[in-house]
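The sequence shown begins at 27 in our numbering and counts up one residue at a time. For each residue, glycine too, the CB sits at the ideal point set by N, CA and C.
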Amino acid sequence: MAKVTINLDAELVVEVMVLAGVGSPQDAVELVVRDYIARGHRTEARVAEREEPRAERDLKPPEPQG
Numbered sequence: 027m028a029k030v031t032i033n034l035d036a037e038l039v040v041e042v043m044v045l046a047g048v049g050s051p052q053d054a055v056e057l058v059v060r061d062y063i064a065r066g067h068r069t070e071a072r073v074a075e076r077e078e079p080r081a082e083r084d085l086k087p088p089e090p091q092g
């Protein structure tokens, strides 16, 4: 996997390290990024589940009433 080098404010990184409970700035930032991506995927899955029944409902012809 390709690597990227970025500059971040030291106070920000230290806070992330404390919150993540890790001693390495690299590991702390990587954990945060991976968590952010995982949350995005979970959100997408939940939205898709909610929209799926609507799509099926829209495809079915209306039932005759009467």
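Query: Three-state secondary structure (DSSP) at Gln52?; Result: helix
Query: With a CB to CB cut of under 8 Å and the five nearest residues on each side skipped, what residues in its chain are close to Ser181?; Result: There is simply no residue 181 to check, as the chain begins at 27 and stops at 92 in what is shown.
Query: Tell me which same chain residues have a C-beta within less than 8 Å of the C-beta of Val97, skipping the five on either side of it?; Result: The chain is shown from 27 up to 92; residue 97 falls before or after that span and cannot be answered.
Query: Look at the alpha carbon of Ala71 and the alpha carbon of Ala28, and state the distance between them as a whole number of angstroms.; Result: 27 Å
Query: Nearest to Val55 by alpha carbon, out of Asp35, Ala74, His67?; Result: Asp35
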